[in-house]
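**Student:**
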Amino acid sequence: MISIYNYQTEESKTFIYVISGLMLLFAMLISIILKAKKYEDTWYRGRALAESCKTLTWRFIMCSEFFENNIPAEESDQRFIKRIKEINNEFADLNEVISAKKINAPIITEEMRKIRGLSLNKRKEYYLENRIENQIQWYSSKADNNKSKYENWFSLVIICQFLALISIGYLIKYPMSDFNLVGLFSTVSASGFSWLQLKKYQENKEAYTTATSELNLIKAEANKNFSDEEFSKYVLDSENAMSREHTMWLAQKRM
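Set out below in structure tokens:
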């Protein structure tokens, strides 16, 4: 903004250069802090940890593979606790940022045991309503949100490019003008385009839409009578489909 006017005095130009230098220094320090703290990487790993525990919990309460209801309750509990320990060890580096108060809760709650004890049909209804439908709504919402953000930022890029062209036309007509908005609009346009590339709104929208489509197909497959073994496999396949998206994100962050 401070560069759109052609300042004439030496004092004014010196002031502008000092302000510009300080702003660039501040931006550089913020970049270094973000790189050193790795906030984004911590967020993705935290999400992966949460999703892994959530998937394992749903498999447990639905009596899916490895936690079938024909296994003694004590053994299934120990299997679940062991798997939680393995996940915790895999993400041990997050212990320094996770609040102890938030994890100070039973690993296996009475509600989890109650759901495990439901009949097959009741478990199926509970799973479809609270897991499948919930995730369909979440993924479809994220798809629409990313689509909206992509369209908004793309519109901003086009508008700024158009305004830059108008500014060029103005300077052609008034070449001695002290005002030059070409740099401002070009910078905003380039920044907006870079933001689009960084956030990958379009790619995210496609990934969330694909996940929504897969879950709708999974939901449709539930319109039949399951045996315990068939429902166990159904839950396992469903959880694998839902975990694919967050696993992909974590893999991308490790590249």
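Quick note: the sequence shown uses the numbering used here, first residue 1062, plus one each step. Here a beta-carbon is modelled for each residue, glycine too, at the ideal position from N, C-alpha and C. A quick note: this is a predicted structure, and the numbers were derived from the prediction, not measured.
1. State buried or exposed for Gln-1196, treating a residue as buried only when at least 16 other CB atoms are found within 10 Å of its CB.
2. By Cβ distance below 8 Å, which residues in the same chain neighbour Ser-1304 in space, the five residues on each side in sequence not counted?
3. With a cut-off of 8 Å, do at least 3 Cβ pairs link the segment 1291–1301 to the segment 1119–1133?
4. Go through its chain and collect everything with a Cβ distance to Lys-1185's Cβ below 8 Å, but skip five positions before and after it.
5. For Phe-1127, name the three-state secondary structure that DSSP assigns.
6. Which residues mark the beginning and the end of the alpha helix (DSSP H) in which Arg-1192 is found?
7. Classify Phe-1287 as helix, strand or coil using the three-state DSSP reduction.
8. With a Cβ-Cβ cutoff of 9 Å, do Glu-1300 and Arg-1120 count as a contact?
9. According to the neighbour-count rule (16 or more other Cβ atoms, all chains shown, within 10 Å of its Cβ), is Tyr-1262 buried or exposed?
10. Taking three-plus beta-carbon pairs below 8 Å as touching, is the segment 1259–1276 in contact with the segment 1221–1231?
11. Report all residues from its chain with a CB closer than 8 Å to the CB of Phe-1254; omit the five preceding and five following residues, and keep chain order.
12. Hey, is the segment 1094–1105 in contact with the segment 1134–1150, meaning 3+ C-beta pairs nearer than 8 Å?
13. Does the beta-carbon of Leu-1110, which I'm using as the reference point, lie nearer than 8 Å to any heavy atom of the ligand COA?
14. If distances are taken between C-alpha atoms only, which option among Leu-1189, Arg-1192 and Ser-1252 comes closest to Trp-1047?
15. Count the other CB atoms within 10 Å of the CB of Ala-1204; is the residue buried (16 or more) or exposed (fewer)?
16. My understanding is that Asn-1191 touches Tyr-1269, with C-beta atoms under 8 Å, so please give their C-beta distance in whole angstroms.
17. By how many angstroms is the C-alpha of Asn-1150 removed from the C-alpha of Ala-1161?
18. Give the DSSP-derived three-state secondary structure of Ile-1132 in the structure shown.
**Tutor:** In this structure, then:
1. buried
2. Glu-1112, Ser-1113 and Thr-1116
3. yes
4. Ala-1283, Phe-1287 and Phe-1292
5. coil
6. Counting along the chain, Arg-1192 falls outside any alpha helix (DSSP H), and DSSP gives it neither H nor E.
7. coil
8. yes
9. buried
10. no
11. Val-1218
12. no
13. Looking for the ligand COA in the displayed structure turns up nothing, as the structure carries no ligands at all.
14. Residue 1047 falls outside the range modelled here, since the chain spans only 1062 to 1316, and no answer is possible.
15. buried
16. About 20 Å separates the two Cβ atoms, so there is no contact after all.
17. 16 Å
18. coil
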